[in-house]
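Below is one structure, written out as structure tokens; comments come after it.
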Amino acid sequence: MSILMVTGTSTDVGKTVVTAALAAAAREAGLSVAVCKPAQTGVGPGEPGDLAEVTRLSGVTAVVELARYPEPLAPDTAARRSGLPMLRCEDVVETVRALADRHDLVLVEGAGGLLVRMGAEGFTLLDLALALGAPAVVVAAAGLGTLNHTQLTTRALAAAGVACAGTVIGSWPEEPGLAERCNLDDLPAVTGVEVTGSVPAGSGRLAPASFAAAASTWFDGTWLKTTITAAEPDGQDSASTDSTLPAGSVNQAMSGPLPRMIPLSS
Numbered sequence: 032m033s034i035l036m037v038t039g040t041s042t043d044v045g046k047t048v049v050t051a052a053l054a055a056a057a058r059e060a061g062l063s064v065a066v067c068k069p070a071q072t073g074v075g076p077g078e079p080g081d082l083a084e085v086t087r088l089s090g091v092t093a094v095v096e097l098a099r100y101p102e103p104l105a106p107d108t109a110a111r112r113s114g115l116p117m118l119r120c121e122d123v124v125e126t127v128r129a130l131a132d133r134h135d136l137v138l139v140e141g142a143g144g145l146l147v148r149m150g151a152e153g154f155t156l157l158d159l160a161l162a163l164g165a166p167a168v169v170v171a172a173a174g175l176g177t178l179n180h181t182q183l184t185t186r187a188l189a190a191a192g193v194a195c196a197g198t199v200i201g202s203w204p205e206e207p208g209l210a211e212r213c214n215l216d217d218l219p220a221v222t223g224v225e226v227t228g229s230v231p232a233g234s235g236r237l238a239p240a241s242f243a244a245a246a247s248t249w250f251d252g253t254w255l256k257t258t259i260t261a262a263e264p265d266g267q268d269s270a271s272t273d274s275t276l277p278a279g280s281v282n283q284a285m286s287g288p289l290p291r292m293i294p295l296s297s
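Residues 32 to 297, numbered by my numbering, are exactly what the sequence shown covers, in order.
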């Protein structure tokens with residue numbers, strides 16, 4: 032079993048599409064995959080959230096969303112304003128570990144950037160990575176500003192002792208400009224972390240079969256093998272062993288009970 036955090040240098044840099052691509056690539060390699068989104072914001076009860084998009088694109092249905100807040104804010108702010116319970120770091124850790132007991136790979140997608148407060152006591156995805164002992168993939172933008180933003184994120188990981196598994200460009204333009212082309216060379220130089228993949232812009236609009244077929248080609252093959260597909264397949268198919276519950280629900284289709292879940296709506 033393996034756990035991998037997916038964080039970003041900011042919001043809207045492509046974390047969900049990268050998460051779906053990693054899930055699809057791992058599934059193609061024969062791994063049983065689960066995806067956890069601890070907190071979803073900006074989406075109301077019954078509406079499709081990020082995990083619905085991951086399932087649509089990758090075919091992975093073992094998905095768990097622990098809390099949902101309707102306003103598009105940082106999770107702890109959204110929780111306070113909505114009056115709904117805040118996530119607790121220990122509950123997320125327990126849930127992710129339960130998923131890891133049942134799957135070869137668990138991807139944990141954060142909200143916004145690495146240091147966005149996710150819940151009680153201001154815990155962040157960085158705190159969650161530390162508690163799980165899991166490395167993180169950093170999803171970065173391609174254009175101007177990404178050198179600073181990515182360096183800030185990778186330095187925060189290094190200072191905390193969390194391994195950075197690689198940097199992935201979340202949306203690589205069809206016609207990259209000078210800044211984008213230079214950034215491919217400069218990002219490893221300023222961060223000390225290799226750019227291990229780039230997802231073409233608009234990939235989230237692909238038909239699911241086309242997305243899943245192409246996903247593994249968006250990453251460095253050696254990195255993908257050592258980082259994502261290092262776990263031994265257990266023979267399960269993550270698209271058939273778990274069923275998708277309605278959007279806004281916690282997926283408890285795995286065998287055995289999961290830890291206590293945070294209510295998703297009032």
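We put the CB at the ideal spot given by N, CA and C, even for glycine.
Since the structure is predicted, the reported quantities are computational estimates derived from the model, not experimental observations.
On the DSSP letters alone, give me the boundaries of the alpha helix (DSSP H) that residue i sits inside.
i, result
"S113", "P106 to S113"
"A245", "P239 to A245"
"L163", "L156 to L163"
"L138", "Here L138 belongs to no alpha helix (DSSP H); instead the beta strand (DSSP E) covers L136 to G144."
"G93", "Looking at the sequence shown, residue 93 is not Gly but Ala. It is not in any alpha helix (DSSP H) - A93 carries neither H nor E in the DSSP assignment."
"L188", "T177 to A191"
Label residue i either buried or exposed according to how many other C-beta atoms from any shown protein chain fall within 10 Å of its C-beta, with 16 as the threshold for buried.
i, result
"G144", "buried"
"C213", "exposed"
"L175", "exposed"
"D158", "buried"
"L35", "buried"
"A51", "buried"
"T257", "exposed"
"T86", "buried"
Can you find the residues in the same chain that come closer than 7 Å, C-beta to C-beta, to residue i, ignoring five residues on each side of it along the sequence?
i, result
"D251", "T227 and G228"
"V123", "P69, L97 and L159"
May I ask you to report which of helix, strand or coil DSSP gives residue i?
i, result
"R99", "strand"
"G153", "helix"
"V37", "strand"
"L118", "strand"
"V49", "helix"
"V127", "helix"
"V230", "strand"
So residue i is in the beta strand (DSSP E); what residue range does that whole segment cover?
i, result
"V44", "Counting along the chain, V44 falls outside any beta strand (DSSP E), and DSSP gives it neither H nor E."
"T72", "V64 to T72"
"A171", "A167 to A171"
Is residue i near the ligand GTP, with its Cβ less than 7 Å from a heavy atom?
i, result
"T40", "Only the bare structure without any ligand can be found here, which leaves the ligand GTP out of the picture."
Return the chain-ordered list of same chain residues with a C-beta closer than 8 Å to the C-beta of residue i, the five sequence neighbours on each side being excluded.
i, result
"V37", "K46, V49, T50, L53, L138, V139, E140, G141, A167, V168 and V170"
What are the complete alpha helix (DSSP H) segments, minimum 4 residues, inside the stretch 193 to 227?
209 to 222
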